[in-house]
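Below is one structure; the comments refer to it alone.
Number of protein chains: 2
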Amino acid sequence: MTDTAYGAFVPGPAVQAAGAVTGPLAGLSFAAKDLFDVAGLVTGCGNPDWARTHGPAEHHAWAVQRLLDAGATLRGRTITDEISLGLLGRNQFQGTPVNPRAPARLPGGSSSGSAAAVAGGLVTVALGTDSGGSVRVPSSFTGLYGIRPTHGLIPVDGMMTQSPSFDTVGFFTRTADVFQTVGEVLFGEDTLPATPVRLLVATDAFATADAAVSEALRPIMPSLRSIFPHCADITLAAEGLTVWREHQRRLQMIEFAATFRKWIDETNPRFSFEVGRSLALAALLTEADVAADRIFRGEVRSRIDGLLDGPSVLCLPTVPILPPLRDISLAAMAEAGGRIVTLTCIAGLTGLPQINLPIAETPDGIPVGLSLIGWRGGDRALLSLAATLSAIAPRVPA
Amino acid sequence: MTDTAYGAFVPGPAVQAAGAVTGPLAGLSFAAKDLFDVAGLVTGCGNPDWARTHGPAEHHAWAVQRLLDAGATLRGRTITDEISLGLLGRNQFQGTPVNPRAPARLPGGSSSGSAAAVAGGLVTVALGTDSGGSVRVPSSFTGLYGIRPTHGLIPVDGMMTQSPSFDTVGFFTRTADVFQTVGEVLFGEDTLPATPVRLLVATDAFATADAAVSEALRPIMPSLRSIFPHCADITLAAEGLTVWREHQRRLQMIEFAATFRKWIDETNPRFSFEVGRSLALAALLTEADVAADRIFRGEVRSRIDGLLDGPSVLCLPTVPILPPLRDISLAAMAEAGGRIVTLTCIAGLTGLPQINLPIAETPDGIPVGLSLIGWRGGDRALLSLAATLSAIAPRVPA
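Just so you know, the sequences run in chain order A and B. Our numbering puts the first sequence at residues 1 to 398. Our numbering puts the second sequence at residues 399 to 796.
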């Protein structure tokens, strides 16, 4: 790993695929998380035994092809947490990418290398995936624009899926204008051709945040509120966000246990203990264990869809903690993961789009992300908001 | 791996330590499972992250030093299942040793490389460890003499311990005479200077065996019975041996979870899924979960100590199944493990010595081991029996 590569790319020969000569992304470079197929190569998914037991891809993944067709050039494949199971960006096989904005701290995951590559200036755009927070967390930790789109909006064809009812294709950029342009390439038209009229500040989500996060976000709230005709403080989860989190975790676990069961049984793959434990505990769950979770998810979707039908957007910290230090213990990792999912579960359970805005930092320069969650299909409206806010919010040095 | 090395030795530079010029083992070669310290080297314990996070040993392990002092020369360190957690001999990091007697089948574990090295004729003796069956299973699968001594008889100093109340130092040989000589070096005097007067055939243990195992063992039973003044068929476990097995498993799990907890938490090591899952599930156990297991163990020890106080020995198949094929699924591995522990738990729970006698095989030459369990401290009596039986039992070609 060189100092300027941030350990972002998958080890091995360089990968490059030229984009179309013309198009909205002509001349831009991009990278794709190593969960996306690149024709002719084995998609490694962050685990050596996955790579060993899978053959080369015949076609580019849908999202890769779309960016190439729009003129962007693929410059490499980026490191992911093993089979995308992780939120902190540690990979015990391929190395943990560096967080260019906070080198002593973790980059966030599972789209760790994509975030490192964009934050480190190696590429302009990177594709990631987000099932439980895997774009939102690293974009917050590395100070990037990042989106988890409406579930189902971008096809997952050619992408390693993990938890189909949660999996999404997302992306990272350093600037709001590129963020918007890439969205125009990957998304269709919004379901509502509307700009949001109301900002809902989720006070219970803010209450979960550590002081360092709250204090970094507080100064930007007046600017944020000022661009909305109406603002309201709300309590999102009467039952408590930790209850939401447990619904998300169980539902995601039963899905990824099913996804990987046959491969694991046939190949007895190697995993870091953290990942092996998740898979082992997930395999204990039965449909009966998650019946109540499914009912809850249906209810909360209806409830939040109604809430955002203004059209409104919901504001919350992306992550309630600062990026953890690189050498934390497993127990501390589990604690951090629990804290994080308490907030990432909101878009996860509802399937709603969420963007991270890199518009705050601690006094010593550690990025702190603010999130907006939009209505179902309101992805482009969120990107417009990002552009608007980039003009008025206090800026973080690029 | 060369055809004649059977993948038995730990990858890396050759290891050699000359034995004393004179002594009962002068001129013999031996190998030690990579759980035993060799001065100046890092004991790898079958896992790359164990090796990475531990420093070199200052001294030889007690058993290694004892063999050197008796004149044997150390020729190498042998592959083990990761941190000794396994009974089949698969190692997803360093490779799975070949079973020289049945190359399509697993060698058994966790002392897999020690068994392969002796069965393949690379060394005369090899040290192994046995907590849940790790000498008995590979000696049965590869057609060797093997002993799990009385618990506590051989010091575990300088050996990676796993489950202290189960861990033992054992060894493998191809012949009964070397088996006895090594025992004289490693053991003190027996607690009873007696030869057994009674053979107890554990019919419930034989009933757990597959037909291929039973049929291979049946022809040798008359010779075995003929050397004892008295013989009796008994049912060992009124509650069923599968109940004994679950007591063994829980007690062993809570011990190895405690042994490895801190190291795992600090280093998030990589494991094959099989091993990671064992550790993850073991970590869920509490003292309350095993309270009944502890009581049971105390009761069964008293009961079996009384039974063997004749002095008597107990006869059973070492393993109720043939060595599984090398490429079996995880589900089949778990099933095989469960079958095996149904018999290995007997000496495990009681702490009594057990030897494997390599005196049977299937019609196509797959080894099938017969076991004798002796009274507490009757280890040398067992080795004498092995010598006696080697003279009268139907012989398997060496």
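Built from N, CA and C at the ideal position, the CB exists for glycine as well. Just so you know, these numbers come straight off a predicted model, no measurement behind them.
{"query": "Below 6 angstroms CB to CB, which residues in the same chain sit around residue 7 (chain A) once its five sequence neighbours on both sides are set aside?", "result": "1, 95, 97, 98"}
{"query": "Note down, in chain order, each residue of its chain lying with its Cβ closer than 6 angstroms to the Cβ of residue 120 (chain A), except the 5 sequence neighbours on either side.", "result": "6, 100"}
{"query": "Which same chain residues, not among the five before or five after residue 166 (chain A), have their C-beta less than 6 angstroms away from its C-beta?", "result": "131, 252, 348"}
{"query": "Could you tell me the alpha carbon to alpha carbon distance between residue 143 (chain A) and residue 358 (chain A), rounded to whole angstroms?", "result": "5 angstroms"}
{"query": "Does the segment 232–240 of chain A come close enough to the segment 371–386 of chain A that 3 or more CB-CB pairs lie under 8 angstroms?", "result": "no"}
{"query": "Please name the residue in B:702, B:731, B:686, B:624 whose C-alpha comes closest to that of residue 676 (chain B).", "result": "B:731"}
{"query": "Output needed in chain order: residues of the segment 658–669 of chain B with a Cβ under 8 angstroms from some Cβ in chain A.", "result": "662, 663, 664, 666, 667, 668, 669"}
{"query": "Pairing CB atoms from the segment 681–693 of chain B with CB atoms from the segment 498–512 of chain B, are three or more of them under 8 angstroms?", "result": "no"}
{"query": "With a threshold of 16 other CB atoms inside 10 Å of the CB of residue 60 (chain A), please say whether the residue is buried or exposed.", "result": "buried"}
{"query": "Would you kindly check if the distance between the Cβ of residue 214 (chain A) and the Cβ of residue 172 (chain A) is under 9 angstroms?", "result": "no"}
{"query": "On the DSSP bridge assignment, give the partners of residue 84 (chain A) in chain order.", "result": "None, per the DSSP bridge assignment."}
{"query": "Identify whether residue 215 (chain A) lies in helix, strand or coil by the three-state DSSP scheme.", "result": "helix"}
{"query": "Where residue 380 (chain A) and residue 45 (chain A) are concerned, what is the direct C-alpha to C-alpha distance, given to the nearest angstrom?", "result": "29 angstroms"}
{"query": "Going along chain B, which residues have a C-beta under 8 angstroms from residue 274 (chain A)?", "result": "666"}
{"query": "Counting only the same chain and skipping the five closest in sequence on each side, list residues whose C-beta sits under 6 angstroms from that of residue 416 (chain B).", "result": "471"}
{"query": "What residues match up with residue 356 (chain A) in a beta bridge as DSSP calls it?", "result": "A:146, A:371"}
{"query": "Start and end of the beta strand (DSSP E) containing residue 201 (chain A)?", "result": "198–202"}
{"query": "DSSP has residue 133 (chain A) in a bridge; who is on the other side?", "result": "None; residue 133 (chain A) has no bridge partner."}
{"query": "Below 8 angstroms on the Cβ atoms is my contact criterion, and I expect residue 87 (chain A) with residue 128 (chain A) to pass it. Report the Cβ-Cβ distance as a whole number of Å.", "result": "Wrong, their Cβ atoms sit about 12 angstroms apart, outside the cutoff."}
{"query": "Cβ closer than 8 angstroms: which chain B residues qualify as neighbours of residue 92 (chain A)?", "result": "447, 666, 667, 668"}
{"query": "So is residue 731 (chain B) in contact with chain A if we call contact Cβ pairs under 9 angstroms?", "result": "yes"}
{"query": "Give the straight-line distance between the Cα atoms of residue 463 (chain B) and residue 753 (chain B), rounded to the nearest whole angstrom.", "result": "23 angstroms"}
{"query": "Roughly how many angstroms separate the alpha carbons of residue 123 (chain A) and residue 641 (chain B), rounded to a whole number?", "result": "60 angstroms"}
{"query": "Less than 9 angstroms between the C-beta atoms of residue 21 (chain A) and residue 136 (chain A), yes or no?", "result": "no"}
{"query": "Quick check on DSSP: helix, strand or coil for residue 287 (chain A)?", "result": "helix"}
{"query": "Residue 473 (chain A) versus chain B: which residues are under 7 angstroms apart at the beta carbon?", "result": "Missing from the structure shown is residue 473 (chain A); chain A here goes from 1 to 398 and no further."}
{"query": "Helix, strand or coil for residue 472 (chain B), going by three-state DSSP, please let me know.", "result": "strand"}
{"query": "Should residue 34 (chain A) be flagged as near chain B, meaning a C-beta pair shorter than 9 angstroms?", "result": "no"}
{"query": "Short of 8 angstroms in beta carbon distance, which residues of its chain neighbour residue 224 (chain A), apart from the five on each side in sequence? Order them along the chain.", "result": "199, 315, 370, 389, 393"}
{"query": "So, is residue 309 (chain A) buried or exposed, given that buried needs 16 or more other C-beta atoms within 10 angstroms?", "result": "exposed"}
{"query": "Could you spell out the range, first to last residue, of the alpha helix (DSSP H) harbouring residue 68 (chain A)?", "result": "62–69"}
{"query": "Rounded to whole angstroms, what's the CA-CA distance from residue 218 (chain A) to residue 169 (chain A)? Just pull it up for me.", "result": "30 angstroms"}
{"query": "Using a Cβ-Cβ cutoff of 9 angstroms, what residues of the segment 483–510 of chain B are near chain A? List them in chain order.", "result": "488, 490, 491"}
{"query": "Identify the contact partners of residue 325 (chain A) in chain B, using a Cβ-Cβ distance below 9 angstroms as the criterion.", "result": "By Cβ distance, chain B contributes nothing, its closest Cβ being about 13 angstroms from residue 325 (chain A), past 9 angstroms."}
{"query": "Answer with buried or exposed for residue 35 (chain A), where buried requires no fewer than 16 other C-beta atoms within 10 angstroms of its C-beta.", "result": "buried"}
{"query": "Taking the DSSP output, what are the residues bridged to residue 568 (chain B)?", "result": "B:526"}
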